[in-house]
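What follows is a set of notes on a single structure, which appears directly below.
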Amino acid sequence: MSYLKNLPDIFNKVNKNSLLLFVGLLAVIVVLMRYNVFKGMFFSGMTNSKSNNNSGGENLAMGGVEPAMPAGKNEDHAKVNGIDTITHGLPSNCDRQQVTNPADLLPKDSNNDWGAFTSQDGGELAGVNLLKAGYHSGIDTVGSSLRNANLQLRPDPPNPRGQPGPWMQSTIEPDQHQRVLA
1 MSYLKNLPDI FNKVNKNSLL LFVGLLAVIV VLMRYNVFKG MFFSGMTNSK
51 SNNNSGGENL AMGGVEPAMP AGKNEDHAKV NGIDTITHGL PSNCDRQQVT
101 NPADLLPKDS NNDWGAFTSQ DGGELAGVNL LKAGYHSGID TVGSSLRNAN
151 LQLRPDPPNP RGQPGPWMQS TIEPDQHQRV LA
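As numbered in full-length UniProt numbering, residues 1 to 182 make up the sequence shown, in order.
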């Protein structure tokens, strides 16, 4: 009872800003509670509320979703009958042809003379070393040279580059050895 007698004194001590803050906080709490209650009312449509009591391996009477059978017993595929496709404008070689031999599906070798070059008894490439180490000497193969080559007749000026920091530094450098047409 002493709290009720001191209630007017408490309201006189509370300023309007703190009272407004308290009412705003109370309104936010009410809105969050209502949101929490109504959030559970919206269903995603992934459940069937009419057949929740049906559990186990029984078939659904409504023709709904059924659980999968154990492994090895799910091989019933749907039959497809009466499907026609429109072949208007397609050439005649696009018609369905019966394949009796799987070798018919392999590509045909029209380049039979290639075996003469790779024969073991000599041929034109006998004794030729195709792995010469000095083949690339004199060609720009070190670092980033010509990785982003400008092959135009008149070169573009190189784009200015600035290092953004210790990361993301490009290793492609502009080609400064290309002569400018005068």
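The beta-carbon is built from N, C-alpha and C at its ideal position, and this holds for glycine as well. All values reported here derive from a predicted model rather than from experimental measurement.
How would you write the range of the alpha helix (DSSP H) that residue i sits in, first residue to last?
i: residue 24; result: 16-39
In whole angstroms, what is the alpha-carbon distance linking residue i and residue j?
i: residue 105; j: residue 167; result: 52 Å
i: residue 153; j: residue 177; result: 13 Å
i: residue 82; j: residue 70; result: 31 Å
i: residue 24; j: residue 33; result: 14 Å
i: residue 78; j: residue 90; result: 29 Å
i: residue 14; j: residue 21; result: 11 Å
i: residue 245; j: residue 80; result: Residue 245 is absent from the structure shown; the chain starts at 1 and stops at 182.
i: residue 161; j: residue 30; result: 58 Å
i: residue 12; j: residue 27; result: 23 Å
i: residue 36; j: residue 8; result: 36 Å
i: residue 74; j: residue 39; result: 38 Å
i: residue 158; j: residue 171; result: 14 Å
i: residue 234; j: residue 76; result: Absent from the structure is residue 234, since the part of the chain shown begins at 1 and ends at 182.
i: residue 107; j: residue 163; result: 52 Å
i: residue 16; j: residue 10; result: 12 Å
i: residue 173; j: residue 151; result: 15 Å
i: residue 66; j: residue 18; result: 59 Å
i: residue 94; j: residue 84; result: 14 Å
i: residue 72; j: residue 165; result: 58 Å
i: residue 103; j: residue 169; result: 53 Å
i: residue 54; j: residue 92; result: The pLDDT assigned to residue 54 is 47, lower than 50, so where the model puts this residue is not dependable; a value taken from the coordinates is nonetheless given after this. C-alpha separation (whole angstroms): 55 Å.
i: residue 156; j: residue 101; result: 58 Å
For residue i, is the classification buried or exposed, using 16 other Cβ atoms within 10 angstroms of its Cβ as the cut-off for buried?
i: residue 56; result: Because the pLDDT of residue 56 is 49, which lies under 50, any placement of that residue in the model is unreliable, and the question is left without a value.
i: residue 60; result: Unreliable positioning characterises residue 60 in this predicted model, as indicated by a pLDDT of 46, which lies under 50. A coordinate reading is not provided.
Can you check whether the C-beta of residue i is within less than 8 Å of a C-beta belonging to chain C?
i: residue 85; result: In the displayed structure, chain C is absent; only one protein chain is listed.
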